[in-house]
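K.L.:
Below: one structure in structure tokens.
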Amino acid sequence: MSVVIEVPPSQPDRIIEPEGDPAAADTLATTLYTAAGRYEEVADTAAEVWWVTGWTGDAADAYGEATKSAGDEHAAMATTVQRVGRAVTAYADTLRDLSRTYEELVDRKVSLDGRRTALVADINAVTEATPEVVAALRARASELRGDYAELVTDHDDLQRRVREAETLLRQAFEAGTSLDEALADDGGVPQVARDVMDRPGAPGSGASPEQVRDWWEGLSEAEREAVVTAYPERIGAADGLPASVRDDANRVVLDDDLATLGSKRDDGTLSPTEERVLANAEQARQALEDADTFEDPITGERPGGLLHLYDPGAFDGDGRVAIGVGDLDTADDVAVLTPGITTTMDDTTSYTGQMINLYEATRYNGDGSSVATLFWLGYDAPDAFYDPATATEGRAEDGGRRLADMVDGLRASRPDDPAHLTAIGHSYGSTTTSYAAGDFDLRADDVVLIGSPGAGPADHADDFSVGADNVYVGRDSRDIVAVLGDEGWVGKGPVGLGTDPSSDGFGATRFEAEDVERAPIRNWDDGHSSYLHHDSESLYNIGLIVDGHGDQVNVAEHSYDPWYDFARDPEWDREPSSGVEGESRTRDRG
Numbered sequence: 089m090s091v092v093i094e095v096p097p098s099q100p101d102r103i104i105e106p107e108g109d110p111a112a113a114d115t116l117a118t119t120l121y122t123a124a125g126r127y128e129e130v131a132d133t134a135a136e137v138w139w140v141t142g143w144t145g146d147a148a149d150a151y152g153e154a155t156k157s158a159g160d161e162h163a164a165m166a167t168t169v170q171r172v173g174r175a176v177t178a179y180a181d182t183l184r185d186l187s188r189t190y191e192e193l194v195d196r197k198v199s200l201d202g203r204r205t206a207l208v209a210d211i212n213a214v215t216e217a218t219p220e221v222v223a224a225l226r227a228r229a230s231e232l233r234g235d236y237a238e239l240v241t242d243h244d245d246l247q248r249r250v251r252e253a254e255t256l257l258r259q260a261f262e263a264g265t266s267l268d269e270a271l272a273d274d275g276g277v278p279q280v281a282r283d284v285m286d287r288p289g290a291p292g293s294g295a296s297p298e299q300v301r302d303w304w305e306g307l308s309e310a311e312r313e314a315v316v317t318a319y320p321e322r323i324g325a326a327d328g329l330p331a332s333v334r335d336d337a338n339r340v341v342l343d344d345d346l347a348t349l350g351s352k353r354d355d356g357t358l359s360p361t362e363e364r365v366l367a368n369a370e371q372a373r374q375a376l377e378d379a380d381t382f383e384d385p386i387t388g389e390r391p392g393g394l395l396h397l398y399d400p401g402a403f404d405g406d407g408r409v410a411i412g413v414g415d416l417d418t419a420d421d422v423a424v425l426t427p428g429i430t431t432t433m434d435d436t437t438s439y440t441g442q443m444i445n446l447y448e449a450t451r452y453n454g455d456g457s458s459v460a461t462l463f464w465l466g467y468d469a470p471d472a473f474y475d476p477a478t479a480t481e482g483r484a485e486d487g488g489r490r491l492a493d494m495v496d497g498l499r500a501s502r503p504d505d506p507a508h509l510t511a512i513g514h515s516y517g518s519t520t521t522s523y524a525a526g527d528f529d530l531r532a533d534d535v536v537l538i539g540s541p542g543a544g545p546a547d548h549a550d551d552f553s554v555g556a557d558n559v560y561v562g563r564d565s566r567d568i569v570a571v572l573g574d575e576g577w578v579g580k581g582p583v584g585l586g587t588d589p590s591s592d593g594f595g596a597t598r599f600e601a602e603d604v605e606r607a608p609i610r611n612w613d614d615g616h617s618s619y620l621h622h623d624s625e626s627l628y629n630i631g632l633i634v635d636g637h638g639d640q641v642n643v644a645e646h647s648y649d650p651w652y653d654f655a656r657d658p659e660w661d662r663e664p665s666s667g668v669e670g671e672s673r674t675r676d677r678g
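Every position in the sequence shown, counted from 1, becomes a number in the numbering used here once 88 is added.
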């Protein structure tokens, strides 16, 4: 009796590659942004020359009216051309994703065809078709059939996504083909994008992060592409959306700023405000390049960077920005660093480097969990030590509210897969983080305060939402900013920003954080800015906390203030060690 084993045919016949060149699309987008810049230049000039000193009468009125009208029309055209340029940028990014999917499908088909060839060979080689042999071959055939069917489905999905991307790009161009559409206030935004943004839960409507998340999950893939293209600023700042989505949207705006303002700089028409915005954009670009090219020290893979927040004109040009290293949407351990005074977008590359340091330390000293670190400058940090805002807590309170909202957004975007999240505050940012944890129910698992001038509203670590057992403090004994907080019997008046969190009465866990290169007398910044430097005590211990192993930090004695003398820091006389030596001490103690 013959035995039949049905071997499925190879499917599909071929994998169809998406047409188009992302690099060419990027070039077209740059050309469009340059054109938008030219329109803006005309509008700017019209705003400056519409009125001529000493010229009055009907002719002057007619000249002013015509000049204003021309300026308004050119400003509207700039908006339309800018919108189309953004659509092309988004299309280029989508085309890259589609090309990666195509390559994955090709690899899968090659693998499946190899399995099919092997199965046919094994069937032909059978000399004794026992029930066991037949069952095993039929199982392989069945599994292969299912895998081919899945490949066909995924291939059909790829072709659908290609068609939707092309349709969206066509709509972006068609929405501005008539003069009326081109001069519309919204630059001819496609109807599908307007309709989606009118639905409940859309960003900018006052919706909660959870409502924004639900709104996003209810959109089709084509609708998502449409709103990212048409409203990138709103999508890029929306708490509750996946970090990858915010990154896509913010990179569209970044590319726009770099090209449009870059062309105006080349023409010599850049205003001082635009010059500051362009400098901030260039900082963000460099920081992203650093993050995108960074390699995980354990796997050698590139975890990638994320532009989680991008608002280069905020706070009178200081800017708002958040740049991540690693995947905020999936990482097991997430750390968020809030910086202190004098921090602006000029410091973006420097802080991104520190986030790379922290990522490395967490991976080196951790248990193998995936990691993401985020530099978050989402508040208006005081400008300098002599800035009156530095001696008050108003900016810290406002920043604490914003920080808590951002973390709520991270939590809302991952309802079924919560990360272990550590909030780190440095300098004035530690006071900001204290407000978030003390007054605004910060949804972190651990809080770390480093170089802190005071814990703001909290008199004790128990005042924080995470509880005293999850509050950690790093203080270099030579850090003159960290001695400003109140401790013991003597308050320091207006120079401090609350209780010193490293003091014995605060109730936090203090970890070793001495600078290995310290000297008795140094510049104030040496001890205050080295907490996340390579091979440091502080970086080693913070990496342990971020990894969820705060119980393994190298504990330092608290500072204290006896009633009869000045405050004392037991760490002053201890010989500091490198992070590697600190690891050895931890193992010896354990």
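Beta carbons: idealized from backbone N, C-alpha and C, even for Gly.
Looking at C-alpha atoms only, which residue of D527, D574 and P278 is the closest neighbour of G593?
P.N.:
What you label residue 593 is simply residue 505 of the sequence shown in a count that begins at 1. Cα-wise, what sits closest to G593 is D574.
K.L.:
What do you reckon, are the CB atoms on E298 and G324 nearer than 9 Å?
P.N.:
The count along the sequence shown starts at 1 and reaches residue 298 at position 210. The count along the sequence shown starts at 1 and reaches residue 324 at position 236. Not a contact, by the Cβ cut-off of 9 Å.
K.L.:
Rank F528, V284 and G638 by C-alpha distance to the C-alpha of V559 and give the top, closest one.
P.N.:
Looking up residue 559 in the sequence shown gives position 471. Out of F528, V284 and G638, G638 has the C-alpha closest to the C-alpha of V559.
K.L.:
Output the boundary residues of the beta strand (DSSP E) element that contains V535.
P.N.:
Position 447 of the sequence shown, counted from the first residue, corresponds to residue 535. D534 to I538 is the span of the beta strand (DSSP E), which, as asked, contains V535.
K.L.:
V409 and T436 - do their beta-carbons sit closer together than 9 Å?
P.N.:
Residue numbering aside, residue 436 sits at position 348 when the sequence shown is read from its first letter. Residue numbering aside, residue 409 sits at position 321 when the sequence shown is read from its first letter. Cβ distance < 9 Å, so T436 and V409 count as in contact.
K.L.:
Check whether the Cβ atoms of S647 and P658 sit closer than 9 Å, and answer yes or no.
P.N.:
Here residue 647 is taken as the residue at index 559 of the sequence shown, counted from 1. Here residue 658 is taken as the residue at index 570 of the sequence shown, counted from 1. It is a contact, given that the beta carbons lie within the stated cut-off.
K.L.:
Is the distance from the Cβ of A708 to the Cβ of P506 below 9 Å?
P.N.:
Because the chain here runs from 89 to 678, residue 708 falls outside it and cannot be looked at.
K.L.:
Between S199, S90 and G234, which has its C-alpha nearest V214's C-alpha?
P.N.:
Looking up residue 214 in the sequence shown gives position 126. Cα-wise, what sits closest to V214 is S90.
K.L.:
Which residues in the same chain have their Cβ closer than 8 Å to the Cβ of Y452, if we skip the five residues on either side of it in sequence?
P.N.:
Here residue 452 refers to the residue found at position 364 of the sequence shown. P385, I386 and G631, listed in sequence order.
K.L.:
Measuring only the C-alpha atoms, how far is G528 from G428?
P.N.:
Taking the sequence shown and counting its residues from 1, one reaches residue 528 at position 440. Taking the sequence shown and counting its residues from 1, one reaches residue 428 at position 340. According to the sequence provided, residue 528 is Phe. The question's Gly does not apply to it. C-alpha separation (whole angstroms): 19 Å.
K.L.:
Measure the alpha-carbon distance for F403 versus E305 and round it to whole angstroms.
P.N.:
Residue 403 sits at position 315 when you count from the first residue of the sequence shown. Residue 305 sits at position 217 when you count from the first residue of the sequence shown. Cα to Cα, the separation comes out at about 32 Å.
K.L.:
Buried or exposed: where does T510 fall if 16 or more other Cβ atoms within 10 Å of its Cβ makes it buried?
P.N.:
To locate residue 510, count along the sequence shown from 1; it is residue 422. Buried, since its Cβ has 16 or more Cβ neighbours within 10 Å.
K.L.:
Taking L232 as the reference, give the member of V250, A206 and L246 with the closest Cα.
P.N.:
The residue given as residue 232 occupies position 144 in the sequence shown. Looking at the Cα atoms, A206 is the closest of the given residues.
K.L.:
Which partner residues of L425 appear in the DSSP bridge assignment?
P.N.:
Counting from 1 along the sequence shown, the entry for residue 425 is found at position 337. Its beta-bridge partners are F463 and I512.
K.L.:
Looking only at DSSP bridge pairs, what is R598 linked to?
P.N.:
Here residue 598 refers to the residue found at position 510 when the sequence shown is read from its first residue. R598 pairs with V561.
K.L.:
Note down the Cα distance separating D336 from Q442, rounded to an integer number of angstroms.
P.N.:
Your numbering for residue 336 matches position 248 in the sequence shown. Your numbering for residue 442 matches position 354 in the sequence shown. The straight-line gap from Cα to Cα measures roughly 23 Å.
K.L.:
Measuring only the C-alpha atoms, how far is G678 from E602?
P.N.:
If you number the sequence shown from 1, residue 678 lands on position 590. If you number the sequence shown from 1, residue 602 lands on position 514. Caution applies to G678, whose pLDDT of 33 falls short of 50 and renders its modelled position unreliable; the value that the coordinates give is listed next. Going from the Cα of G678 to the Cα of E602 covers about 21 Å.
K.L.:
A524 and A492 look like a contact to me (Cβ under 8 Å); what is the Cβ gap, rounded to whole Å?
P.N.:
Within the sequence shown, the letter at position 436 stands for residue 524. Within the sequence shown, the letter at position 404 stands for residue 492. Correct: roughly 4 Å between the Cβ atoms.
K.L.:
Just to check my reading of the structure: T357 and D132 have Cβ atoms closer than 8 Å, yes? What is that Cβ distance to the nearest angstrom?
P.N.:
Residue mapping note: residue 357 aligns to position 269 of the sequence shown, counting from 1. Residue mapping note: residue 132 aligns to position 44 of the sequence shown, counting from 1. That pair is a contact at about 7 Å.
K.L.:
Can you tell me whether S591 is buried or exposed, with buried defined as 16 or more other CB within 10 angstroms of its CB?
P.N.:
Stepping through the sequence shown from its first residue, residue 591 is reached at position 503. That one is buried.
K.L.:
From the DSSP output, which residues share a beta bridge with S647?
P.N.:
As a working mapping, residue 647 is identified with position 559 in the sequence shown. Answer is S591.
K.L.:
Apart from the five residues just before and just after T361, which ones in its own chain have a Cβ nearer than 8 Å to its Cβ?
P.N.:
Along the sequence shown, read from residue 1 onward, the residue named residue 361 stands at position 273. Cβ neighbours of T361 beyond the five flanking positions: G401 and G405.
K.L.:
At a cut of 8 Å, does the stretch 614-627 reach the stretch 553-569 through at least three beta carbon pairs?
P.N.:
A contact exists between the stretch 614-627 and the stretch 553-569.
K.L.:
Cα separation between V284 and A290?
P.N.:
Position 196 of the sequence shown, counted from the first residue, corresponds to residue 284. Position 202 of the sequence shown, counted from the first residue, corresponds to residue 290. For V284 and A290, the distance between alpha carbons rounds to 8 Å.
K.L.:
G393 bridges to which residues according to DSSP?
P.N.:
Locating residue 393 in the sequence shown gives position 305, where the first residue counts as 1. In DSSP, G393 forms a bridge with V413.
K.L.:
Note down the Cα distance separating T348 from A260, rounded to an integer number of angstroms.
P.N.:
The residue given as residue 348 occupies position 260 in the sequence shown. The residue given as residue 260 occupies position 172 in the sequence shown. Each residue's alpha carbon lies about 19 Å from the other.
K.L.:
Can you tell me the Cα-Cα spacing of V169 and V422, whole angstroms?
P.N.:
As a first step, residue 169 must be located in the sequence shown, where it is residue number 81. As a first step, residue 422 must be located in the sequence shown, where it is residue number 334. Using only the alpha carbons, I get a separation of about 39 Å.
K.L.:
Where does E370 land, buried or exposed, given buried means 16+ other C-beta within 10 angstroms?
P.N.:
Working through the sequence shown from its first residue, we reach residue 370 at position 282. Buried, since its Cβ has 16 or more Cβ neighbours within 10 Å.
K.L.:
Skipping 5 residues on each side, what residues in its chain have a beta carbon closer than 8 Å to that of R679?
P.N.:
Residue coverage of the chain in this structure runs from 89 to 678, which leaves residue 679 outside it and unanswerable.
K.L.:
Got a sec? Which residues, its chain only, sit under 6 Å from E129 by beta carbon, not counting five neighbours each side?
P.N.:
For the purposes of this step, residue 129 is identified with residue 41 of the sequence shown, where counting begins at 1. Excluding positions up to five away in sequence, the list reads T357.
K.L.:
Give the single residue among D344, R656 and G152 whose Cα lies nearest to the Cα of V571.
P.N.:
Position 483 of the sequence shown, counting from 1, holds the residue named residue 571. The residue with the shortest Cα to Cα distance from V571 is R656.
K.L.:
Measure the CB-CB distance between S457 and G636 and report whether it falls below 9 Å.
P.N.:
The residue you call residue 457 lines up with position 369 of the sequence shown. The residue you call residue 636 lines up with position 548 of the sequence shown. Yes, these two residues count as a Cβ contact at 9 Å.
K.L.:
Would you mind sorting N368 into buried or exposed? The rule is 16 or more other CB atoms within 10 Å of its CB.
P.N.:
Start at 1 with the first residue of the sequence shown, and residue 368 comes out as number 280. So N368 counts as buried.
K.L.:
Does the stretch 193-204 touch the stretch 141-156, meaning 3 or more C-beta pairs lie closer than 8 Å?
P.N.:
Cβ pair count under 8 Å is below three, so no.
K.L.:
Return yes when the Cβ of P96 is within less than 9 Å of the Cβ of R204, no when it is not.
P.N.:
For the purposes of this step, residue 204 is taken as the residue at position 116 of the sequence shown. For the purposes of this step, residue 96 is taken as the residue at position 8 of the sequence shown. In this structure, P96 lies closer than 9 Å to R204 by Cβ.
K.L.:
So, under 8 Å CB-CB, R531 and V495 are touching, yes? Tell me the CB distance rounded to an integer number of Å.
P.N.:
Within the sequence shown, residue 531 is the residue found at index 443, counting from 1. Within the sequence shown, residue 495 is the residue found at index 407, counting from 1. That pair is a contact at about 5 Å.
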